[in-house]
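K.L.:
Numbering (the working numbering), first residue to last: 971 to 1237.
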């Protein structure tokens, strides 16, 4: 029966160099008259019985295979001694051997690590998308500002050629001037979508056969008077040029009302 070892074993990696070095040590001790006796185990299986012949050490090699973890050599000072020193040559690190629970834990850790990496990637993609959306909105805002500045510059250039209010009666209807003037009556608002073409909306002098001005004509004349009273000629013409740009592209109306913090026109 193998005796329990009281001293700590000497552990080395199983390699040709270490095996040859150990064998040479046995030979050297024998030449000095300090012969050592050895027993060799492949894992827990004894393959070499106690002997003082160093060459017998090599006999263990025929029992070593891919599943072998270690070679244990018990070294005795005498043939009858029960005290030995243990030398271990490791083919595998036993601490790396995994049982079922450890394997399951490693698989779980691997899955969790993969999920975490995926979550981080999704979060990164979301942040990138939000950043791109923000850049797009910023670009749209910058483009609108440039467009508005262009309209203003173009309006300034047209000041000298402005024709006055009569050419913009249709424009006034399209922009719901009753709302601008604070008038709430639906009859005077042309936002229903059925307004007449602006070519038919210009002011005309009434002939002697006509009974007088219509309510719409009176309203727009009244509006024109208020506009002239509120603005200088230069400002008055500029306002109508801007309104003219709105008629060309009505999608500009909403951004301008938002820019100037004006409530949208209720339909």
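Ideal Cβ placement from N, Cα and C applies to all residues, glycine included.
None of these values were measured; they are calculated from a predicted model.
For residue 1060 and residue 985, what's the separation of their Cα atoms in angstroms?
P.N.:
Cα-Cα distance, rounded: 9 Å.
K.L.:
By a C-beta neighbour count over all protein chains shown, 10 Å radius and 16 as the cutoff for buried, is residue 987 buried or exposed?
P.N.:
So residue 987 counts as exposed.
K.L.:
What residue range does the beta strand (DSSP E) around residue 1021 cover?
P.N.:
Element bounds for residue 1021: 1015-1021.
K.L.:
Taking 6 Å as the limit between beta carbons, can you name the residues of its chain near residue 1029, skipping five residues before and five after?
P.N.:
1018.
K.L.:
Would you mind giving the Cβ-Cβ distance between residue 1197 and residue 1206, rounded to the nearest angstrom? I have them listed as a contact below 8 Å.
P.N.:
Going by Cβ atoms, the distance from residue 1197 to residue 1206 rounds to 6 Å, so yes, they are a contact pair.
K.L.:
Of all the beta strand (DSSP E) runs that stay within the bounds of the segment 995-1063, which reach a length of 3 or more residues?
P.N.:
Runs found: 1007-1012, 1015-1021, 1040-1046, 1054-1060.
K.L.:
Please report the Cβ distance between residue 1008 and residue 1033, rounded to the nearest whole angstrom; I am assuming they are in contact, meaning their Cβ atoms lie under 8 Å.
P.N.:
Not a contact, Cβ separation roughly 15 Å.
K.L.:
Which class does residue 981 belong to by DSSP, given the choice of helix, strand or coil?
P.N.:
Strand, per DSSP.
K.L.:
Using only CA atoms, which one of 1117, 1052, 1080, 1035 lies nearest to residue 1062?
P.N.:
Measuring from the Cα of residue 1062, the nearest candidate turns out to be 1035.
K.L.:
Going by C-alpha to C-alpha distance, which of 1014, 978, 1025, 989 sits closest to residue 1000?
P.N.:
Residue 1025 is the option with its Cα nearest to residue 1000.
K.L.:
Which of the three DSSP states is assigned to residue 1201 in this structure?
P.N.:
In this structure, residue 1201 counts as coil in the three-state DSSP scheme.
K.L.:
So residue 1228 and residue 1222 are in contact, right, with Cβ under 8 Å, and what is the actual spacing, rounded?
P.N.:
About 11 Å; that fails the 8 Å criterion.
K.L.:
In this structure, how does DSSP classify residue 1219 when only helix, strand and coil are distinguished?
P.N.:
Of the three classes helix, strand and coil, the one that applies to residue 1219 here is coil, per DSSP.
K.L.:
What separation, rounded to the nearest whole angstrom, lies between the Cα atoms of residue 1051 and residue 989?
P.N.:
Approximately 24 Å, taken between the alpha carbons.
K.L.:
Closer than 6 Å by C-beta to residue 1225: which residues in its own chain qualify, once you throw out the five before and the five after it? Chain order, please.
P.N.:
Excluding residues within five positions, the ones whose Cβ falls inside 6 Å are 1114.
K.L.:
Is it buried or exposed, residue 1010, if we count other Cβ atoms within 10 angstroms and call 16 or more buried?
P.N.:
Its Cβ being crowded by 16 or more others within 10 Å, residue 1010 is buried.
K.L.:
If you draw a straight line from the alpha carbon of residue 998 to that of residue 1022, how long is it in whole angstroms?
P.N.:
Distance between the alpha carbons of residue 998 and residue 1022: 12 Å.
K.L.:
Using a Cβ-Cβ cutoff of less than 6 Å, which residues in the same chain neighbour residue 982 once the five nearest sequence positions on both sides are dropped?
P.N.:
Cβ neighbours of residue 982 beyond the five flanking positions: 988, 1059.
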